[in-house]
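Student: In order, the protein sequence lines correspond to chains R and W.
Using the numbering used here, the first residue of the first sequence is number 196, and each one after it goes up by one.
Using the numbering used here, the first residue of the second sequence is number 7, and each one after it goes up by one.
Ideal Cβ placement from N, Cα and C applies to all residues, glycine included.
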Amino acid sequence: MKADVPKGTGSSLGEAAMAPVRLAMAAIDAPLRWVQRRLGIGGMATFFLLPNMLIFGVFVLLPFFINFAYSMTGGTALFLPDRSFVGGEQYARLFDCANYTDPNSCAEDTFWTAVGNTAWFVLLQVSLMILFSLITALILNRELMARSFWRAVFFFPVLLSPVVVGLIWKWILQRQGLLNFGLYGLGFDPYTWLNDRNWSFAATVGVSIWAHMGFYTLILLAGLQAIPKDLYEAAEMDGTRPARAFWRITLPLLMPNLLVVIVLVLIRAVQIFDEVYVLTGGGPGTSTLYITQYIYETGFATQLRNPGLAAAASILMGAVLVVLTLVQLGLGRKGEKKGARK
Amino acid sequence: MKKTKTMLAALAVGLLTSTAAMAGDVRIMWYSDGVEGEVLKDLLDRFMKENPGINVILDNVSYSVVKEQLPVQLEAGNGPDIARVTNLKAQSQHWLDLRPLVADAAYWDENFGGQADWMRPDGSNQISGFMTQITIAGGFANKTLFDQAGVAIPGKDATWDDWAKAAKQVAENQQVPFPMALDRSGHRLSGPNLAYGGNYISADGKPAPLDEGSKNFLKTFVGWVADGTMSKDVWVSAAGSTYRAAADDFINGQLVYYYSGSWQVPNFSTKIGTNFDWVATGSPCGPANCTGMTGGAGLVAVKYTKNPNEVAKVMDYLASEPIVKEFSERTLFLPAHKGVLAKALDFKTDDAQAKAALNAFVEASKTLSDEARKLPGWLWSDAVYGALVTRVSQAAAGEMTVDEAFARIDSDIATKVKDTGN
């Protein structure tokens with residue numbers, strides 16, 4: 196169907212605005228036709244993908260191989276040619292452990308402490324993030340008063356820099372922070388939240404959920420809005436209870452979006468660093484020291500840095516992420532096939 | 007076509023000038039504890055008026071940038087032309103030898119020779135730069151709190167235990183959260199370690215295992231953190247060897263006794279003003295002696311500079327006697343310049359407390375032990391400091407016992423030594 200174009204000033208203004216676009220299109224049309232004649236239709240896909248693949252190669256693959264090379268070297272020198280080849284020594288050092296569940300029995304105890312902390316963090320943060328994002332998306336999908344306003348409220352923290360997020364919550368949670376000020380006003384004793392191992396850990400989980408939930412809520416909300424309304428109407432006519440409709444209609448149809456969210460949340464959770472570094476600095480002690488901070492401190496921040504050990508730890512972290520992502524994608528495909536068979 | 011070529015050439019020139027140092031540019035990386043950044047800017051403005059061909063760019067950064075980012079830049083063969091650094095010895099391979107470039111090398115040897123070895127590779131006679139200030143670690147007491155509590159400020163020969171007892175009494179009486187605080191720094195821990203008889207340097211010049219002297223103080227220290235005598239906020243507030251100061255707690259009147267150093271004097275003078283009375287008290291005594299630690303910040307030339315002659319001119323200017331004198335008097339820093347020290351300094355402050363504090367630190371410099379004087383020029387100081395902070399803070403947070411922390415400190419230092427191939 197052809198849209199009616201109103202005649203008059205608006206139309207001529209639109210055409211004037213489109214003129215440079217048309218000019219640009221005409222300018223690239225000829226060279227593109229020439230490329231197509233040389234490569235054929237099939238080769239055009241490669242042609243368009245090439246810039247992206249080049250960027251990916253230079254900024255992702257190349258650093259990965261350089262990082263791997265670093266992990267095979269020792270010493271404190273920064274440049275690869277100045278470093279001595281030590282083979283798998285850095286990996287052996289990381290895995291030199293009498294009992295993996297007791298970091299104190301490991302040569303690199305802080306690495307295993309960071310691994311343990313990260314595992315707990317991922318477990319809690321990912322499950323709570325998915326739960327809260329889903330609940331929020333379900334609520335925002337309903338006919339609410341000022342729905343756009345509420346959507347903006349939940350999305351707003353996503354726009355903040357992680358450093359700002361860390362600072363805001365530090366001001367709230369520190370000894371003379373806003374929370375203690377409020378508690379004191381209500382007659383309670385102030386508490387040093389960030390000096391308590393459990394509260395600090397909980398704070399890092401809570402703050403990261405607060406900061407990123409809006410983004411995942413938005414993805415889930417888009418998925419919810421794509422579910423045809425007539426399915427719910429049919430279910431309602433059949434007398435299906437809302438809970439059953441959620442489990443039988445909403446959740447299965449939302450699964451592709453949910454899978455994307457799970458993968459993104461998981462990757463982000465394993466990589467957690469900036470807001471926690473500002474909020475707790477990894478403390479108290481090492482109770483909120485996560486793997487990325489360990490890598491940063493080993494490679495850059497400590498006296499007599501060890502880039503090889505940091506590189507080995509980051510390769511291991513990358514490997515874990517790849518495995519987790521593949522498992523999830525595999526499970527997702529299995530679920531899709533199962534759904535299709537039904 | 008010609009027009010396009012001209013535009014491309016202009017763009018290329020623009021890009022080149024935006025990334026590379028221009029001839030005559032001298033970039034200084036500088037951090038400030040107090041007002042010294044402003045004073046330096048003023049001095050450099052004067053220099054540029056006198057030397058129109060040299061453009062000095064002053065980058066004011068935080069101390070953590072100097073500590074964490076500058077080393078990486080230097081390893082990569084980059085960095086500023088001049089930097090203000092505290093970790094001088096361990097990075098000495100990156101400093102430029104100014105000896106053939108400065109106007110009068112004998113002047114430098116005569117006036118800064120005492121600390122020249124702190125910033126040059128072992129065995130060389132290189133002139134790398136000069137100390138912008140000599141610092142002495144020591145304590146500060148909130149006199150108003152002591153007076154209000156009716157507790158006498160411990161005297162000159164008071165021990166760490168005496169101070170802990172008095173500070174605790176005052177804090178309880180005045181309902182102040184922290185009786186004592188010591189910066190989260192290996193340098194700061196080392197003063198009392200040495201006072202308790204500690205010695206870090208073995209006969210072959212490499213790090214020695216922790217001895218009984220250091221262990222005794224560290225056990226006491228961890229106990230103080232656990233029972234609330236020492237501020238827990240500072241020591242458990244981070245992982246690793248991250249630096250944390252308790253200066254803000256002292257400035258806010260939340261702290262009775264603060265062990266930091268002479269560099270805090272201008273900061274306190276500016277920020278405390280007349281809010282309360284405070285005094286510098288030198289270093290408390292341990293069983294062995296009453297030493298604190300010495301050290302300071304040095305201004306060093308970086309050997310990757312594209313403009314070594316201009317750098318040498320700037321360094322000659324900043325190291326000249328009248329400039330050092332003016333810088334010290336305006337910043338309230340203790341100078342390292344022998345000639346300036348020999349003459350009377352007129353510190354530019356109306357704050358009698360600051361003047362008295364500076365005199366107290368000059369007095370405290372007389373009780374420095376030989377070991378304390380050696381450590382700033384010892385290659386492994388920072389390896390020891392880093393391990394001390396990391397493990398003591400874990401013990402303070404209750405993650406490991408002090409004995410486990412001691413074993414880890416020794417193994418961490420041994421690993422660092424091995425990593426460097428020594």
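#1: Enumerate in chain order the residues of its own chain whose CB-to-CB distance from residue 397 of chain W is below 6 Å, with the five nearest sequence positions on each side excluded.
#2: Are the C-beta atoms of residue 400 of chain W and some chain R residue less than 8 Å apart?
#3: Is the region 363-377 of chain R close to the region 308-324 of chain R, with three or more CB pairs under 8 Å?
#4: Which of the three DSSP states, helix, strand or coil, is assigned to residue 452 of chain W?
#5: Kindly indicate which three-state DSSP category residue 293 of chain R falls into: helix, strand or coil?
#6: In the DSSP assignment, find the unbroken alpha helix (DSSP H) run with residue 400 of chain W in it and report its ends.
#7: Let me see if you follow: with CB-CB separation under 8 Å, is residue 331 of chain R close to chain W or not?
#8: Would you give the residue range spanned by the alpha helix (DSSP H) that residue 324 of chain R belongs to?
#9: Would you call residue 488 of chain R buried or exposed, if buried means 16 or more other Cβ atoms sit within 10 Å of its Cβ?
#10: Taking 8 Å as the threshold (C-beta atoms), are residue 161 of chain W and residue 292 of chain W in contact?
#11: On the DSSP letters alone, give me the boundaries of the beta strand (DSSP E) that residue 207 of chain W sits inside.
#12: Going by DSSP, what residue range makes up the beta strand (DSSP E) through residue 229 of chain W?
#13: State buried or exposed for residue 134 of chain W, treating a residue as buried only when at least 16 other CB atoms are found within 10 Å of its CB.
#14: Using CA atoms only, rank isn't needed, just tell me which of W/205, W/282 and W/38 is closest to residue 69 of chain W.
#15: So for residue 196 of chain R, helix, strand or coil by DSSP?
#16: In this structure, how does DSSP classify residue 163 of chain W when only helix, strand and coil are distinguished?
#17: Can you tell me which of the three DSSP states residue 113 of chain W falls into?
#18: What is the rounded straight-line gap between the Cα of residue 432 of chain R and the Cα of residue 445 of chain R?
#19: At a CB distance below 7 Å, what residues from the region 247-279 of chain W approach chain R? Give them in sequence order.
#20: Note the first and the last residue of the continuous beta strand (DSSP E) segment covering residue 143 of chain W.
#21: Using a cut-off of 8 Å between C-beta atoms, extract the partners of residue 243 of chain W located in chain R.
#22: Among residues of its own chain, excluding the 5 on either side of residue 420 of chain W, which ones have a beta-carbon nearer than 6 Å to its beta-carbon?
#23: How far does the beta strand (DSSP E) with residue 33 of chain W in it extend, from its first residue to its last?
#24: For a cutoff of 8 Å on Cβ pairs, would you count residue 278 of chain R as touching chain W?
#25: Whole beta strand (DSSP E) runs in the region 300-377 of chain W with 3 or more residues, listed along the chain?
#26: With a CB to CB cut of under 8 Å and the five nearest residues on each side skipped, what residues in its chain are close to residue 35 of chain W?
#27: Listing by chain order, which chain R residues have their CB less than 7 Å from the CB of residue 422 of chain W?
#28: Closer than 8 Å, CB to CB, is residue 302 of chain W near chain R or not?
#29: Roughly how many angstroms lie between the CA atoms of residue 220 of chain R and residue 211 of chain R, to the nearest whole one?
#30: Does the distance from the CB of residue 425 of chain W to the CB of residue 399 of chain R come in under 8 Å?
#31: Identify every residue that forms a DSSP beta bridge with residue 61 of chain W.
#32: Mind listing the chain W neighbours of residue 247 of chain R? Cutoff is C-beta to C-beta under 8 Å, in chain order.
#33: Any chance the region 462-473 of chain R sits against the region 511-518 of chain R, with 3 or more Cβ pairs inside 8 Å?
#34: Got a sec? Which residues, its chain only, sit under 6 Å from residue 240 of chain W by beta carbon, not counting five neighbours each side?
#35: In three-state terms, what does DSSP make of residue 190 of chain W?
#36: Find the residues of chain R that neighbour residue 321 of chain W, judging by a C-beta separation of less than 7 Å, and give them in chain order.
Tutor: According to the structure data:
#1: Scanning its chain for C-beta atoms nearer than 6 Å, with the 5 sequence neighbours on each side dropped, one finds around residue 397 of chain W the residues 411, 414 and 415, in chain order.
#2: For residue 400 of chain W, the answer is yes, since a Cβ of chain R falls inside 8 Å of its Cβ.
#3: Contact between the region 363-377 of chain R and the region 308-324 of chain R is not established, with fewer than three Cβ pairs separated by less than 8 Å.
#4: Past the edges of chain W, shown from 7 to 428, lies residue 452 of chain W, and the structure says nothing about it.
#5: Residue 293 of chain R falls in the coil class under three-state DSSP.
#6: Where residue 400 of chain W is concerned, the enclosing alpha helix (DSSP H) stretches over 387-402.
#7: No, its Cβ sits nowhere closer than 8 Å to a Cβ of chain W.
#8: First-last of the alpha helix (DSSP H) with residue 324 of chain R: 304-335.
#9: When all chains shown are included, residue 488 of chain R counts as buried.
#10: Pairing residue 292 of chain W with residue 161 of chain W gives a Cβ-Cβ distance that is not under 8 Å.
#11: In the DSSP assignment, residue 207 of chain W falls outside any beta strand (DSSP E) and carries neither an H nor an E.
#12: No beta strand (DSSP E) holds residue 229 of chain W; the alpha helix (DSSP H) holding it covers 218-233.
#13: Residue environment for residue 134 of chain W: buried (at least 16 other C-beta atoms within 10 angstroms of its C-beta).
#14: When each option's Cα is compared against that of residue 69 of chain W, the closest is W/38.
#15: Unreliable placement is indicated for residue 196 of chain R, whose pLDDT of 41 sits below 50; no coordinate value is reported for it.
#16: Residue 163 of chain W falls in the coil class under three-state DSSP.
#17: In the three-state reduction of the DSSP assignment, residue 113 of chain W falls in the helix class, which pools H, G and I.
#18: A direct Cα-to-Cα measurement between residue 432 of chain R and residue 445 of chain R gives close to 17 Å.
#19: Of all residues in the region 247-279 of chain W, the ones placed with a Cβ closer than 7 Å to any Cβ belonging to chain R are 247 and 248, in chain order.
#20: Run containing residue 143 of chain W: 135-148, per the beta strand (DSSP E) assignment.
#21: Within chain R, the residues 389, 390, 475, 476, 478 and 479 have their CB atoms less than 8 Å from the CB of residue 243 of chain W, given in chain order.
#22: Contacts found: none.
#23: Residues 31-37.
#24: Answer no: the Cβ-Cβ gap between residue 278 of chain R and chain W never drops below 8 Å.
#25: Here the runs fully enclosed are 300-307.
#26: Excluding residues within five positions, the ones whose Cβ falls inside 8 Å are 65, 67, 71, 72, 76, 85, 86, 88, 89 and 90.
#27: Per Cβ cutoff of 7 Å: 499.
#28: With 8 Å as the cut-off, residue 302 of chain W does not count as an interface residue toward chain R.
#29: Residue 220 of chain R and residue 211 of chain R have their C-alpha atoms spaced approximately 15 Å apart.
#30: Residue 425 of chain W is not a Cβ neighbour of residue 399 of chain R, given a cutoff of 8 Å.
#31: Per DSSP, W/31.
#32: Within chain W, no residue comes near residue 247 of chain R; the closest Cβ sits about 25 Å away, beyond 8 Å.
#33: Contact annotation: the region 462-473 of chain R touches the region 511-518 of chain R, with at least three C-beta pairs closer than 8 Å.
#34: Spatial neighbours of residue 240 of chain W in its own chain (CB-CB distance under 6 Å, excluding positions within 5 residues in sequence) are listed in chain order as 187, 190, 250 and 252.
#35: The answer is strand: DSSP assigns residue 190 of chain W an E or B state.
#36: Taking a Cβ-Cβ cut-off of 7 Å, residue 321 of chain W has no neighbours in chain R, whose nearest Cβ is about 26 Å from it.
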